[in-house]
Ligand code: NAI
């Protein structure tokens, strides 16, 4: 069988190649084809010949792409990530496709990055770095706030939200959380409250819920106006949680005191590629980068050696479950029929 890996960077190849040898049944014959570009309606013909595709956060797995994949013989979609907002799961279910993600890979990696963004923006180390290199040792404009004793609001207390809360609790912060389900693990560090109370009392608000129809633009004109004056907002979750126009307006009227983003709603067209020689046609992103109190990173919170290893292992285990017809604990959609042919063809042959 052929596995087509889309949005494949050198580090993906490195970790998938080294994991494949150890994790996957040695008797399984798999040819892996790497494509550096993303999966989309334009690139979907390149999946021809593959029985499974492996994708990342900005690949398009809308209904039309899934239909084309299915028509060309693809039966399994392997996500190298936790979020699956880019997959039309209903369409996948209708087509009988197997879809699995890697729901938990080093949640600490993402949580630690959210803390790094807070500390960078709050203490202005990004600005100090540039100043010192030019011989400017002035502290003017670098004033921060001591985290100890501050109130931190966590929206979404799953694996990453709890890991983040544990770290912020260590800083001596008071933690408030809002979630549609309460998690006992969070209660060791703070208390649950309603969204309005969280927004009005928090000095720092960090987003850790998935992007769904309910959470899209959870940060908008109205919720921003409920935030404490001068509070800082951090988003390491998904760009669509924030209405970019609204945060720009809140920054301009100096109500929002700082914004740290690892994700951005228009990131699909830009992130993970070098556009330094191009004119970037995204006025909102460019406006954001002009604020001294905005920090934008290119969706790198997951990017640690440990997380890449766990992503590769989880992806290959999901593929192995699919090929061996085992119950897959990470299945978002379990395939119904049609994959039997692929399994029979692939299992008895050597790599
Ligand atoms: P999780 O599934 O363990 O936790 C998500 C939490 O959000 C759950 O407690 C859930 O009840 C809550 N939630 C769902 N709907 C909600 C709503 N309407 N309002 C409030 N809370 C709601 O997920 P995990 O592993 O903690 O990941 C969170 C998100 O982080 C992922 O969905 C993904 O989008 C993002 N992520 C970002 C990465 C990066 O590199 N920047 C890497 C990995 C994940």
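Residue numbers (our numbering): 1361 to 1711. Yeah, the Cβ is synthetic: ideal placement off N, Cα and C, and Gly gets one too.
Comparing the CB of residue 1515 with every heavy atom of the ligand NAI, is any distance shorter than 7 Å? Shortest gap from the CB of residue 1515 to any heavy atom of the ligand NAI: under 7 Å.
Measuring CB atoms only, is the segment 1643-1654 touching the segment 1420-1429, in the sense that at least three cross pairs come out at less than 8 Å? No, because fewer than three Cβ pairs between the segment 1643-1654 and the segment 1420-1429 fall closer than 8 Å, the two stretches do not touch.
Completely contained beta strand (DSSP E) runs for the segment 1458-1506, where each covers 3 or more residues: Entirely contained in the segment 1458-1506, the beta strand (DSSP E) runs reaching 3 residues are, in chain order, 1458-1460.
Would residue 1712 pass as a contact of residue 1661 if the rule is Cβ separation under 8 Å? Residue 1712 is absent from the model: the chain starts at 1361 and stops at 1711.
Proximity below 8 Å, CB of residue 1594 to CB of residue 1624: No, Cβ-Cβ distance for residue 1594 and residue 1624 is not below 8 Å.
Could you tell me how far apart the beta carbons of residue 1539 and residue 1516 are, in whole angstroms, since I believe they sit closer than 8 Å? So it is a contact: roughly 6 Å between Cβ atoms.
On the DSSP letters alone, give me the boundaries of the beta strand (DSSP E) that residue 1564 sits inside. Following the DSSP letters along the chain, one finds residue 1564 inside the beta strand (DSSP E) bounded by residues 1564-1567.
Which value, in whole angstroms, describes the spacing of the CA atoms of residue 1536 and residue 1475? In a straight line, the C-alpha of residue 1536 is about 16 Å away from that of residue 1475.
According to DSSP, simplified to helix, strand and coil, what is residue 1719? Residue 1719 is absent from the structure shown; the chain starts at 1361 and stops at 1711.
For residue 1399 versus residue 1420, is the C-beta distance shorter than 8 Å? In contact: residue 1399 and residue 1420 (Cβ atoms closer than 8 Å).
Please name the residue, chosen from 1667, 1599, 1364, 1617, that lies closest to residue 1433 on a Cα-to-Cα basis. The shortest Cα separation from residue 1433 among 1667, 1599, 1364, 1617 belongs to 1364.
Would you say the beta carbon of residue 1580 is closer than 7 Å to some non-hydrogen atom of the ligand NAI? Checking the Cβ of residue 1580 against the ligand NAI gives no.
Buried versus exposed, by CB contacts within 10 Å (16 or more), residue 1638: Under this definition residue 1638 is an exposed residue.
Kindly indicate which three-state DSSP category residue 1410 falls into: helix, strand or coil? It is coil, neither helix nor strand.
For a test of your reading of the model: does the CB of residue 1571 fall under 7 Å from any non-hydrogen atom of the ligand NAI? Yes or no. Result yes, Cβ under 7 Å from the ligand NAI.
Provide the residue span of the beta strand (DSSP E) that contains residue 1536, from first to last. Element bounds for residue 1536: 1534-1538.
Quick one: grab the DSSP three-state call for residue 1592. If DSSP states are grouped into helix, strand and coil, residue 1592 belongs with the strands.
Considering only DSSP beta bridges, list what residue 1362 is partnered with. Its beta-bridge partners are 1391.
Does the distance between the C-beta of residue 1470 and the nearest non-hydrogen atom of the ligand NAI fall short of 7 Å? Yes.
So for residue 1442, helix, strand or coil by DSSP? Correct three-state label for residue 1442: coil.
State buried or exposed for residue 1711, treating a residue as buried only when at least 16 other CB atoms are found within 10 Å of its CB. Confidence at residue 1711 is low in this model, with a pLDDT of 21, below 50, so its placement is unreliable and the value that follows should be read with caution. Its Cβ having fewer than 16 others within 10 Å, residue 1711 is exposed.
Among residues of its own chain, excluding the 5 on either side of residue 1586, which ones have a beta-carbon nearer than 7 Å to its beta-carbon? Taking residue 1586 as the centre and dropping the five residues before and after it, the same chain places the C-beta of 1556, 1559, 1560 closer than 7 Å to its C-beta, in chain order.
Would you say residue 1478 touches the ligand NAI, meaning its beta carbon is less than 7 Å from a heavy atom? Distances from the CB of residue 1478 to the heavy atoms of the ligand NAI are all 7 Å or more.
When 1512, 1689, 1669 are compared against residue 1379, the one with the closest alpha-carbon: Ranked by Cα distance from residue 1379, the first of 1512, 1689, 1669 is 1669.
Look at the alpha carbon of residue 1465 and the alpha carbon of residue 1584, and state the distance between them as a whole number of angstroms. If you take the alpha carbons of residue 1465 and residue 1584, they lie about 31 Å apart.
Close beta carbons around residue 1597, own chain, < 6 Å, minus the five adjacent residues each side: Only 1567, 1568 meet the Cβ criterion.
Boundaries of the beta strand (DSSP E) in which residue 1693 is found, first to last residue: Annotation for residue 1693: the continuous beta strand (DSSP E) segment containing it runs 1691-1693.
Looking only at C-alpha atoms, which of 1377, 1692, 1564 sits nearest to residue 1511? Ranking 1377, 1692, 1564 by Cα distance to residue 1511 puts 1564 first.
Does any heavy atom of the ligand NAI sit closer than 7 Å to the C-beta of residue 1527? Set against 7 Å, the gap from the CB of residue 1527 to the closest heavy atom of the ligand NAI is not smaller.
Terminal residues of the continuous beta strand (DSSP E) containing residue 1604? It is not in any beta strand (DSSP E) - residue 1604 instead sits in the alpha helix (DSSP H) that spans 1604-1612.
Comparing alpha-carbon positions, which option in 1642, 1408, 1618, 1458 lies nearest residue 1428? The shortest C-alpha separation from residue 1428 is found at 1408.
What is the residue span of the alpha helix (DSSP H) that residue 1425 lies within? Per DSSP, the continuous alpha helix (DSSP H) segment holding residue 1425 begins and ends at 1423-1431.
Identify every residue that forms a DSSP beta bridge with residue 1550. As computed with DSSP, residue 1550 is found in a beta bridge with 1535.
Taking the alpha helix (DSSP H) that residue 1620 belongs to, which residues open and close that run? In the DSSP annotation of this structure, residue 1620 is not part of any alpha helix (DSSP H); the continuous beta strand (DSSP E) holding it starts and ends at 1618-1621.
Residue 1446 Cβ short of 7 Å to the ligand NAI heavy atom set: Shortest gap from the CB of residue 1446 to any heavy atom of the ligand NAI: 7 Å or more.
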